[in-house]
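Participant:
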Amino acid sequence: MKTLKFTTVISLVVILLSAGCQSKEDDTDDGSEYNRSELLVNYATNLIVPGYTDLEVKLTMLHTQVLDFNESPSLVKLDALGTSLLDAELSYQNCTSFEFGPASDNTLRSVLSTYPTSEMSIESNVSNGNYDLFSIGNIAAKGFPAVDYLVHGNQKTEQEILGMYTTNVDAAQRKAYLLAVVAQSLNVVSQVKGEWVANGYQQTFQNSNGNAVGSSVSLMLNSMVLDFERFIRDGKVGIPLGVRTLGVANPGKVEAYYSKNSLVLVKQSISAYKDVFNGIDQNGVNGSGFDDYLNFEGASTTVANINAQLESVLSKLNMLSGPLSEDVVNNKTQVQEVYNEMQKAIVLLKVEVPSALSVLITYQDSDGD
Amino acid sequence: MKKLPLLLLGAVLFTASCEKEETEPVVVAPQQPATYSFTNVSYDGQTDRLDMLAELTTEMKKPATGTSADAQTMLNMFANENSPFADGALNISTKQLKNKCYDGGGAAIGTSTFEYYINRLASISAISTGTWAPGTAGVSTSGSKAYYFDENGVEYAQLVEKGLMGAIFYYQISETYTREGKIGNAVNNTDVTVDKGTDMEHHWDEAFGYFGATVDLTEANYNDQSLRYHAKYAKKGSDAGLETVGNVMYQFIKGRFSISNNDYTGRDDAANELRKEYEEIMVTTAIHYINGSIANFGDDALRNHEISEAYAFIISLHYNSDKVISDADLALVKDLFRTDMGGQMVPNFLNVSVSTLNQAKDKLSEVYGLDLVKDIL
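Chains A and B supply the protein sequences, listed in that same order. Residues in the first sequence are numbered from 65 upward in steps of one, following our numbering. Residues in the second sequence are numbered from 6 upward in steps of one, following our numbering.
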């Protein structure tokens with residue numbers, strides 16, 4: 065019995081070993097490996113690093129304007145804050161698919177974009193003036209959504225908001241909180257960019273050019289699919305629409321609720337996603353991307369379908385009038401159509417792409433508890 | 006110390022007498038099996054307790070799906086009183102979880118603390134049924150997963166389930182079954198009871214019963230076996246290349262084999278090594294869940310759930326008097342996840358940040374020499 069098992073194990077190992085050798089030989093023999101290094105260099109050099117650089121520029125602008133506003137608050141400066149906030153949020157849409165490596169280590173998404181924000185936590189932090197913005201207790205009291213609330217207020221006139229920073233008893237603390245939140249966002253983005261540029265992650269990323277679990281292609285594809293499924297489809301559209309709440313809409317759970325900019329942000333995220341998929345940089349230059357890799361592997365139909373599907377999502381989004389918080393209540397059918405088109409894209413991205421590229425989607429927790 | 010030399014001698018004599026040609030005599034010694042395959046193995050009582058904890062856990066997870074958990078039902082399951090189990094065989098079993106649970110006498114987490122968690126879960130889940138937010142107990146979901154947390158982000162279902170795995174299963178193995186009282190030289194290892202072996206053999210088998218493994222479990226096949234409790238979590242270390250599954254199994258097998266062959270040096274070695282290998286399950290699983298909670302930091306449901314898991318495995322480290330980590334270091338790590346409430350340190354994850362999680366991870370990995378694998382656990 066024991067001997068039998070041992071023999072079985074041995075033969076299994078032998079079979080596995082020879083199988084491993086076989087496929088390796090095949091790969092090198094016909095010399096038909098896609099040049100993944102070129103793809104990784106394009107993503108790192110032309111999309112990821114420039115993406116973080118632009119985001120850092122936009123947040124630096126916001127930070128400067130907060131300092132200026134805090135010095136002498138005015139309606140004009142308040143408006144400028146709103147504009148800079150939107151610029152930074154739009155810029156961030158180009159980076160959401162890169163939540164691995166430095167971004168993941170620094171929990172970039174959690175710092176910048178946890179919504180709905182908690183008015184209660186923010187107000188309590190403002191009034192007691194004592195907070196660690198990195199702690200779990202403040203997970204929903206920071207980043208763009210918190211700035212959105214601090215700058216636009218909940219159903220308040222601009223004059224009333226300005227009063228919160230001038231005549232209100234907690235004015236000084238509110239200014240300090242606004243600055244702390246923006247400074248944290250800027251610092252974390254700079255940290256992430258720094259790890260890519262100065263601390264060598266770019267080289268690490270470009271060198272890890274296989275397609276096994278943990279390789280850069282695998283990290284990036286997992287991050288892209290997760291981004292689309294959980295944060296674009298569910299976060300931006302599905303949850304507000306009520307797909308997780310038996311069809312009961314949650315208008316307060318849209319992104320950028322207070323500024324009513326949610327629709328423009330989701331549109332930007334889809335265009336950005338399409339560019340990332342095709343390896344197109346911010347100047348419109350089309351380099352080596354997942355589209356080319358898939359074409360090489362004979363999956364050109366999948367490429368065409370994904371691009372068509374993303375276009376279809378965009379055209380459905382263009383039929384909405386916004387803000388999304390009102391559309392999920394008054395235009396439910398049309399928002400549902402957006403969601404349905406997104407769902408079709410998920411099937412392509414999560415099933416066809418990984419299978420064509422032999423990359424495993426690993427982000428689902430397999431514990432079952 | 007008699008059986009083995011006799012056997013060896015017999016083998017030598019036998020071989021020698023048979024050899025006519027001038028070949029070297031072959032010594033045939035009994036060989037330690039690769040799996041836990043011995044005669045007269047039974048651990049029904051342990052299996053009963055494993056099953057009881059499974060039913061208790063199901064009850065504790067009810068609030069995550071919108072039903073409150075009943076305090077009396079859970080306490081009955083803990084003590085096996087008033088026939089609380091769906092599986093009727095457990096109701097008539099003479100076994101129970103509570104009287105095997107470490108009782109810290111107030112100093113460390115013992116029976117009363119688990120009962121406190123159970124009561125608290127029942128009382129808050131009866132009144133706070135909305136969505137979780139910092140400061141508000143409730144349900145948190147992520148995809149198809151749903152968990153119930155207290156206002157501080159603590160999932161009591163995890164603290165109790167994994168905590169009891171530590172305070173009962175691990176504690177019984179490390180403080181009872183691998184010690185003098187159960188396997189010392191004074192314990193009967195001569196009289197064989199059918200299906201149970203000698204007393205000493207039976208005690209060792211009962212330790213194995215708490216592990217939650219199959220008898221066929223090996224390092225090579227752990228992904229294909231139906232494993233429960235610590236056996237299931239031993240996979241975390243093996244997945245990272247530490248061969249935790251194989252090492253724990255080896256010591257269990259070695260201990261039983263040594264006892265059956267009256268090799269008490271082997272037995273004592275196995276007992277000592279088993280405690281160390283088993284301790285590695287706690288620490289590798291804790292680090293695994295810390296890594297998970299960092300990766301999912303922005304997701305309330307996954308993050309709080311994973312920190313709860315990690316914390317429960319960290320508190321489990323306590324239940325072994327030979328543990329590698331010092332009491333001071335263990336308290337330091339625990340305190341990263343606790344706050345002082347009226348002089349009592351209670352779990353509270355609201356002040357936890359990624360840097361706190363990294364501190365805990367680095368401390369554990371430093372103490373246990375896991376720096377090379379800490380990021381892949």
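Cβ coordinates follow ideal geometry from the N, Cα and C atoms, glycine included. All figures in this text were calculated on a predicted structure; none of them were measured in a lab.
Taking the beta strand (DSSP E) that threonine 397 (chain B) belongs to, which residues open and close that run?
Facilitator: Since the displayed chain B opens at 6 and closes at 382, residue 397 (chain B) lies outside it and no answer follows.
Participant: Please classify aspartate 53 (chain B) as buried or exposed, where buried requires at least 16 other C-beta atoms within 10 Å of its C-beta.
Facilitator: Flag for aspartate 53 (chain B) reads buried.
Participant: Output the boundary residues of the alpha helix (DSSP H) element that contains lysine 259 (chain B).
Facilitator: Where lysine 259 (chain B) is concerned, the enclosing alpha helix (DSSP H) stretches over 249-265.
Participant: Looking at the unbroken beta strand (DSSP E) that takes in tyrosine 152 (chain B), where does it start and where does it end?
Facilitator: Taken as a continuous stretch (DSSP letters only), the beta strand (DSSP E) holding tyrosine 152 (chain B) covers 150-154.
Participant: Tell me which residues share the same chain as alanine 131 (chain B) and place their Cβ nearer than 8 Å to its Cβ, disregarding the 5 neighbours each side in the sequence.
Facilitator: Same-chain partners within the cutoff: Ser73.
Participant: On a CA-only basis, which of A:Ala276, A:Ala372, A:Leu176 and A:Tyr195 is nearest threonine 160 (chain A)? Give me that one, please.
Facilitator: For the residues A:Ala276, A:Ala372, A:Leu176 and A:Tyr195, the minimum Cα distance to threonine 160 (chain A) belongs to A:Leu176.
Participant: Helix or strand or just coil, what does DSSP make of threonine 136 (chain B)?
Facilitator: In this structure, threonine 136 (chain B) counts as strand in the three-state DSSP scheme.
Participant: Once DSSP output is grouped into helix, strand and coil, what is the label at serine 419 (chain A)?
Facilitator: Helix at serine 419 (chain A).
Participant: Check whether the Cβ atoms of alanine 210 (chain A) and isoleucine 186 (chain A) sit closer than 7 Å, and answer yes or no.
Facilitator: Yes, the pair counts as a contact, with Cβ atoms nearer than the cut-off.
Participant: Tell me, to the nearest whole angstrom, how far the beta carbon of arginine 261 (chain B) is from that of aspartate 210 (chain B); I am working on the premise that it is less than 8 Å.
Facilitator: Sure, about 7 Å apart at Cβ, within 8 Å.
Participant: Hey, would you say leucine 374 (chain A) sits closer than 7 Å to lysine 408 (chain A), going by beta carbons?
Facilitator: No; because the gap between Cβ atoms is not below 7 Å, this pair is not in contact.
Participant: Taking its Cβ as the centre, do 16 or more other Cβ atoms sit within 10 Å of serine 117 (chain B), making it buried, or is it exposed?
Facilitator: Serine 117 (chain B) is exposed by the Cβ-count criterion.
Participant: Is serine 174 (chain A) buried or exposed, if buried means 16 or more other CB atoms sit within 10 Å of its CB?
Facilitator: That one is buried.
Participant: Alpha carbon to alpha carbon, what distance is there between asparagine 286 (chain A) and leucine 424 (chain A)?
Facilitator: Each residue's Cα considered, the two are about 8 Å apart.
Participant: Interface residues of chain A around asparagine 356 (chain B) at Cβ under 9 Å?
Facilitator: Near asparagine 356 (chain B) (Cβ distances below 9 Å), the residues of chain A are Asp196, Ser199, Ile200 and Gly201.
Participant: So, alanine 108 (chain A) versus glutamine 346 (chain A), is the Cβ gap smaller than 7 Å?
Facilitator: No; because the gap between Cβ atoms is not below 7 Å, this pair is not in contact.
Participant: Could you tell me which uninterrupted alpha helix (DSSP H) segments, each at least 4 residues in length, are contained entirely in the segment 303-335 of chain B, listed from first to last along the chain?
Facilitator: Within the segment 303-335 of chain B, the complete alpha helix (DSSP H) runs of at least 4 residues are 305-321.
Participant: Would you report the Cα separation of alanine 372 (chain A) and phenylalanine 198 (chain A), rounded to the nearest angstrom?
Facilitator: Approximately 40 Å, taken between the alpha carbons.
Participant: Name the chain A residues whose beta carbon is nearer than 8 Å to that of proline 89 (chain B)?
Facilitator: Neighbours of proline 89 (chain B) on chain A: none; closest Cβ ~22 Å, over 8 Å.
Participant: For a contact defined as C-beta to C-beta under 9 Å, what are the partners of threonine 146 (chain B) on chain A?
Facilitator: Correct list: Arg308.
Participant: Closer than 7 Å by beta-carbon distance: list the chain B residues that pair up with serine 174 (chain A), in chain order.
Facilitator: Result: Phe302 and Gly303.
Participant: Taking a contact to mean a Cβ-Cβ separation below 7 Å, would you say proline 387 (chain A) touches valine 256 (chain A) in this structure?
Facilitator: No. Outside cutoff.
Participant: Measuring alpha carbon to alpha carbon, tell me which residue in B:Val165, B:Asp273 and B:Lys240 is nearest leucine 102 (chain B).
Facilitator: The candidate whose alpha carbon is nearest that of leucine 102 (chain B) is B:Val165.
Participant: Taking the alpha-carbon of isoleucine 330 (chain B) as reference, which of B:Glu311, B:Gly303, B:Ser370 and B:Phe302 has the nearest alpha-carbon?
Facilitator: When only C-alpha atoms are compared, the closest one is B:Ser370.
Participant: For my contact list, asparagine 273 (chain A) and leucine 104 (chain A) are in at a C-beta cut-off of 8 Å; report their separation, rounded to the angstrom.
Facilitator: The Cβ separation is near 6 Å, so the contact holds.
Participant: Would you say threonine 268 (chain A) reaches chain B, if we count a Cβ-Cβ gap shorter than 7 Å as a contact?
Facilitator: Chain B contact via Cβ: absent.
Participant: By alpha-carbon positions, which one of A:Ser379, A:Val318 and A:Leu412 ends up nearest to valine 392 (chain A)?
Facilitator: It is A:Val318.
Participant: Label threonine 99 (chain B) either buried or exposed according to how many other C-beta atoms from any shown protein chain fall within 10 Å of its C-beta, with 16 as the threshold for buried.
Facilitator: It is exposed - the Cβ of threonine 99 (chain B) has fewer than 16 other Cβ atoms within 10 Å.
Participant: Pop quiz: lysine 237 (chain B) and glycine 217 (chain B) are said to be a contact at Cβ under 8 Å. What is the actual Cβ separation, rounded to whole angstroms?
Facilitator: 6 Å between Cβ atoms; contact.
Participant: Give me the chain A residues within the contact set of proline 383 (chain B), using Cβ-Cβ distance strictly less than 8 Å, ordered along the chain.
Facilitator: No statement about residue 383 (chain B) is possible, as the shown extent of chain B runs from 6 to 382 and does not include it.
Participant: With 16 other CB atoms within 10 Å as the buried threshold, where does lysine 414 (chain A) fall?
Facilitator: Burial call: buried.
Participant: Buried or exposed: where does tyrosine 175 (chain B) fall if 16 or more other Cβ atoms within 10 Å of its Cβ makes it buried?
Facilitator: So tyrosine 175 (chain B) counts as buried.
Participant: My understanding is that isoleucine 292 (chain B) touches leucine 375 (chain B), with C-beta atoms under 8 Å, so please give their C-beta distance in whole angstroms.
Facilitator: Confirmed, Cβ separation roughly 7 Å.
Participant: Going by the CB atoms, is the gap between isoleucine 370 (chain A) and leucine 327 (chain A) shorter than 7 Å?
Facilitator: Against a cut-off of 7 Å, the Cβ pair of isoleucine 370 (chain A) and leucine 327 (chain A) comes out as no contact.
Participant: Hey, does glycine 158 (chain B) have any beta-carbon neighbour from chain A nearer than 7 Å?
Facilitator: Interface residue, yes.
Participant: With a CB to CB cut of under 8 Å and the five nearest residues on each side skipped, what residues in its chain are close to leucine 13 (chain B)?
Facilitator: Interpretation of leucine 13 (chain B) is limited by its pLDDT of 44, a score under 50 that renders its predicted location unreliable; the figure taken from the coordinates is listed afterwards. Excluding residues within five positions, the ones whose Cβ falls inside 8 Å are Val32 and Ala34.
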